[in-house]
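Numbering (my numbering), first residue to last: 157 to 239.
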């Protein structure tokens, strides 16, 4: 199993990419399953920067025989440019 920690990336966005671009199907528990992989999402404790800035944390757990390929996809799709 691979566990990623993503910041300021909503589960809904990654879930949508996995379904529309990676051939997964959304499950009733909110996970996404594909051939040889399953991705589960867990909200983490938000990180605070100063008194007014809160950054959401999302943990993504990926497992299965194709977990390496699914992990690489999630990492690529979760990258965001600076601003």
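Glycine included, every Cβ here is placed at the ideal spot set by N, Cα and C. Please read all numbers here as calculations on a predicted model, not as lab measurements.
Discussion item. Please state the DSSP three-state secondary structure of residue 188.
Written reply: strand
Discussion item. DSSP three-state label for residue 235, please.
Written reply: coil
Fill in: Distance CB(residue 189)-CB(residue 215) smaller than 8 Å
no
Worksheet item: When you compare only the Cα positions, how much space is there between residue 100 and residue 194?
Response: Shown here, the chain extends from 157 to 239; a query on residue 100 therefore has no answer.
Practice prompt. Quick one: give me the first and last residue of the alpha helix (DSSP H) that residue 175 is part of.
Written response: 167-177
Item to complete: State the DSSP-derived secondary structure class of residue 181, mapped to helix, strand or coil.
Response: strand
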